[in-house]
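Residue numbers (this note's numbering), protein chains in the order written: chain C, 22 to 175; chain D, 3 to 542; chain B, 79 to 422. For every residue, glycine included, the Cβ atom is placed at its ideal position computed from N, Cα and C. For clarity, every value in this text was computed on a predicted model and none was experimentally measured.
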């Protein structure tokens with residue numbers, strides 16, 4: 022090989038740059054984050070159904086406003102729809118997939134059940150570097166504790 | 003010959019749109035006026051080049067040796083291993099097309115196979131088929147094709163429609179240099195005896211007599227003596243060049259075209275006048291009849307032939323025990339000197355880093371090759387105020403400068419000749435930006451394509467250059483095209499007569515010779531061409 | 079091969095690639111075929127990556143095995159010569175540092191492409207105008223491609239480094255939609271479309287184009303298209319995607335999940351792209367660094383360039399020359415080494 026030094030240096034840089042995902046993760050495990058559903062409201066719902074929480078979720082006794090898969094991948098889209106519906110047409114009620122009607126409200130509906138933002142929303146959002154601007158305006162459940170009437174920050 | 007060339011009005015009817023058939027499916031049509039005559043058997047034999055024979059490009063049968071394909075493929079393999087440029091340029095072209103409209107032959111002919119990218123693809127397609135896995139497996143899908151006698155004809159036709167000017171390489175985002183590809187392509191063709199006569203003959207002459215024109219030593223001296231007489235008639239001063247003189251400080255080598263043909267001869271007179279002027283200042287130079295050629299048609303044949311011809315310069319410098327070499331105005335000669343000579347035939351340890359005996363300037367840029375371009379040398383003299391010049395003696399001239407491809411893109415000699423011209427002429431105008439300096443257009447006849455039978459190709463290829471001259475001719479009244487290349491001086495005059503009548507061609511040192519005031523000279527009434535100086539008639 | 083054949087062939091090729099990806103996705107989605115999921119979600123990505131790295135290194139070392147016998151830079155500006163003549167240091171580099179600067183400009187800014195002109199032939203005369211749009215599009219294409227690759231590192235790093243977060247924030251600063259639009263994806267897809275249309279629109283470029291010029295463009299467009307669709311239209315569970323990717327890069331592959339057909343098309347196309355890369359013209363990425371017309375200094379008269387295979391050649395020596403012409407030389411009064419035979 023000619024120009025050995027230069028070529029090998031160049032290839033070493035190439036190798037290091039392109040194998041970055043591998044070497045930067047040496048010795049690490051990154052398990053998929055788990056969303057905790059263990060909140061007082063959901064526990065209460067399970068109790069009402071006469072089941073423990075795990076069973077209730079499994080048997081579909083407790084449901085979100087839409088099918089779980091849909092919620093996982095499309096919740097941001099649904100929230101946008103809700104926002105537009107409320108803000109533009111004043112329509113606040115949403116017919117869910119499971120025969121229930123829900124108020125289209127992040128704080129009053131979503132965060133009512135999922136009052137554990139840190140262990141529910143944030144886990145995946147941090148995992149994926151998603152920074153939703155929901156909380157630029159809306160209060161988190163933690164903040165709501167002190168200002169329960171106000172849904173929107175002043 | 004010229005009567006066979008179409009009229010300009012016919013010539014400018016150029017269709018740059020490609021044909022409807024794909025290029026692999028468009029067979030080559032070898033056309034009179036475009037191709038050059040093939041090399042003759044005795045010439046090739048003299049140079050120990052293989053497969054010399056009588057053949058015609060117009061014949062169906064080119065009388066190839068039976069194992070020509072093996073020879074060719076073995077030749078490719080060898081060159082792939084020897085030249086990174088070749089292998090790399092075969093591999094990395096993305097066919098972006100940036101080079102397509104940069105080639106003067108494409109602009110002038112509209113033939114799509116003159117687009118640099120396609121010229122290279124002619125060779126690349128075979129490379130893919132024979133030397134890449136993808137090409138072997140996928141064939142045409144990946145642009146690979148079988149080598150056939152028809153493809154060989156295509157190579158021959160188009161590799162002798164490239165002047166190795168490197169303009170395309172300036173624009174290529176990866177620096178792919180069609181000159182490299184053409185050089186290798188021609189080497190391969192030469193393995194099968196497929197050179198052209200206009201290259202092989204000068205190469206053979208040069209090998210034997212030391213110069214392309216086959217001028218024998220005594221005749222070389224006679225010709226220069228003739229210039230000595232002419233110079234005396236014009237200036238009243240007799241110059242006295244020396245030949246093959248041992249112990250001279252400097253060996254001077256220039257293309258033999260300057261000794262043989264107008265208007266190069268006037269440039270040679272310019273050198274003689276300059277050297278004579280400097281003599282009393284301590285300038286000690288000799289000419290050589292053995293190394294009497296700066297140009298190198300071996301360069302247009304193969305790397306090996308280039309080395310064989312070039313070897314004479316250092317050999318003669320060594321024999322004559324000179325300190326360094328001064329080189330005259332020539333194009334490809336200077337690419338060979340600048341980029342190849344020391345590598346091939348050096349190191350020239352018998353020489354010293356050139357120092358101007360007049361100004362004391364050390365040419366550190368030539369520290370290892372030990373050869374200086376005469377415009378570098380003269381520019382240094384002018385800068386140091388060593389020359390007494392009368393610019394007005396060039397006042398009949400309105401000058402523009404044609405950057406020859408090789409000094410421009412092969413060495414970066416751009417401002418030295420301009421500096422010299424502007425110090426010896428009062429009127430100078432540049433051609434448009436995209437036609438000069440590193441973007442300069444070829445004369446259309448470089449790399450051995452300055453034959454007579456391919457005049458149409460030459461005029462087509464020279465059209466972009468001529469067009470730029472026409473622009474300054476019309477706009478500023480330019481009437482003289484200066485250049486630093488002997489091929490230019492040979493081919494630009496007919497090109498100008500064809501496209502821009504009224505514009506002459508000159509070497510830079512002809513202009514210097516006109517302006518330089520020799521000690522003891524008589525009042526000059528004519529320039530070096532014997533034409534009346536401006537203002538002379540009025541005085542008479 | 080004409081343009082239609084080239085287009086059809088490359089479309090068939092890309093169609094086949096996408097179909098394979100889609101079938102894999104469908105196998106996972108509808109038939110719960112975990113074998114397919116392992117194959118397309120783990121095995122093929124590993125193989126493709128290894129092919130990319132090994133192939134790239136192989137190609138570069140193959141080039142490096144051939145020497146550069148001569149110093150042949152394409153000089154694009156005034157050379158270093160007399161001290162008072164201004165050298166163009168970037169276009170005619172003399173020192174190593176200047177070469178590095180020239181190469182950096184070439185690689186990072188596409189210097190040579192920036193020089194582009196366009197010839198138009200009017201009234202029997204060629205005219206040359208500036209023509210920088212290919213340069214603009216090429217820059218946009220390559221840099222957005224780079225941004226996209228870097229952005230995707232969020233699938234391969236945990237925790238995600240701050241620079242990645244910053245890059246993504248910048249890329250998405252318009253904050254349109256949820257998830258918000260990332261500019262790079264659209265610009266890259268747009269630029270690739272432009273490059274494709276350019277190939278088709280200009281007769282001469284169309285004429286030189288091969289199927290393997292269209293194929294990578296189609297492939298990249300498919301990748302960009304499925305990526306954009308997954309982000310904005312048919313959203314997928316990206317947390318599951320990341321879990322899969324982290325499994326791969328930590329060498330603890332997890333059972334690939336049903337992430338949907340689009341994802342498997344996207345992933346398979348990426349695998350095809352990187353596996354195809356070393357064997358195609360895309361290697362210009364490595365090649366440009368080795369280009370002898372750009373990476374050599376224009377100092378060949380000052381510093382000797384060595385040719386490792388420089389071999390002796392047959393020359394015509396002065397002695398042979400004088401032997402042939404001695405008498406004529408003597409007659410003309412030219413000095414000779416040996417006097418003529420008769421006079422000895």
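Between residue 97/D and residue 287/B, the CB-CB gap stays under 9 Å. In the same chain as residue 320/D, and ignoring 5 residues on each side of it, the C-beta atoms closer than 7 Å to its own belong to 352, in chain order. By the 16-neighbour rule on beta-carbons within 10 angstroms, residue 154/C is exposed. Per DSSP, the unbroken beta strand (DSSP E) holding residue 507/D starts and ends at 506 to 509. For residue 344/B, the nearest beta carbon of chain C is not closer than 9 Å to its own beta carbon.
Judged by DSSP in its simplified three-state form, residue 287/D adopts strand. In this model, residue 283/D and residue 518/D are separated by some 15 Å (Cα to Cα).
In terms of beta-carbon proximity, residue 436/D lines the interface with chain B, with at least one pair separated by less than 9 Å. Of 120/C, 158/C, 26/C and 49/C, the smallest CA-CA separation from residue 87/C is found for 120/C. Taking 7 Å as the Cβ-Cβ cut-off, the segment 207 to 223 of chain D approaches chain B at 209, 210, 212, 218, 219, 220 and 223, given in chain order. Note on geometry: alpha-carbon atoms of residue 228/B and residue 336/B lie some 25 Å from one another.
Nearest CB-CB separation between residue 50/C and chain B: below the 9 Å threshold. With the criterion set as a beta carbon lying under 8 Å from some beta carbon of chain B, the members of the segment 88 to 105 of chain C are 90, 93, 94, 95, 97, 98, 100 and 101, in sequence order. For residue 137/C, the CB contacts under 8 Å within the same chain, skipping 5 residues up- and downstream, are 57, 59, 60 and 162 in chain order.
Check the Cα spacing between residue 411/D and each of 177/B, 314/B, 141/B and 155/B: the tightest is with 155/B.
The segment 215 to 232 of chain D and the segment 399 to 408 of chain B touch, with three or more beta-carbon pairs separated by less than 8 Å. Around the CB of residue 34/D, fewer than 16 other CB atoms lie within 10 Å, so the residue is classed as exposed.
DSSP lists no beta-bridge partner residue for residue 185/B. With its beta carbon at least 9 Å from every one in chain C, residue 263/B lies outside the interface. Chain D has a Cβ within less than 9 Å of the Cβ of residue 413/B. Closer than 9 Å to the CB of residue 139/B there is not a single CB belonging to chain D. Within chain D, no C-beta atom comes less than 9 Å from the C-beta of residue 211/B; the nearest is roughly 12 Å away. At a Cβ-Cβ threshold of 9 Å, residue 278/D and residue 380/D do not count as neighbours. For residue 263/D and residue 407/D, the gap between their C-alpha atoms comes out near 21 Å.
The Cβ-Cβ distance between residue 281/B and residue 19/D falls below 9 Å. The beta carbon of residue 416/D sits closer than 7 Å to the beta carbons of 405, 410 and 439 from its chain, once the five residues preceding and following it are set aside; these are given in chain order.
Per DSSP, the continuous beta strand (DSSP E) segment holding residue 374/D begins and ends at 373 to 375. A straight line joining the alpha-carbon of residue 266/B with that of residue 300/D spans about 48 Å.
Excluding residues up to 5 positions away in sequence, 214 and 299 lie with their Cβ nearer than 7 Å to the Cβ of residue 204/D in the same chain. Contact residues of the segment 111 to 125 of chain D toward chain B are 114, 117, 119, 120 and 123 (C-beta to C-beta distance below 8 Å).
Taking 9 Å as the cut-off, the beta carbon of residue 307/D is found no closer than this to the beta carbon of residue 339/D. The closest CA to that of residue 225/D, considering only 131/D, 476/D, 24/D and 271/D, is found on 271/D. Put simply, the segment 186 to 199 of chain D does not touch the segment 231 to 247 of chain D. Fewer than three CB pairs are less than 8 Å apart.
Listed by position along chain D, the residues whose Cβ is nearer than 7 Å to that of residue 409/B are 220. Residue pairing of residue 403/D in beta bridges, as defined by DSSP: 484/D. In the DSSP secondary-structure assignment, residue 124/B is not bridged to any residue.
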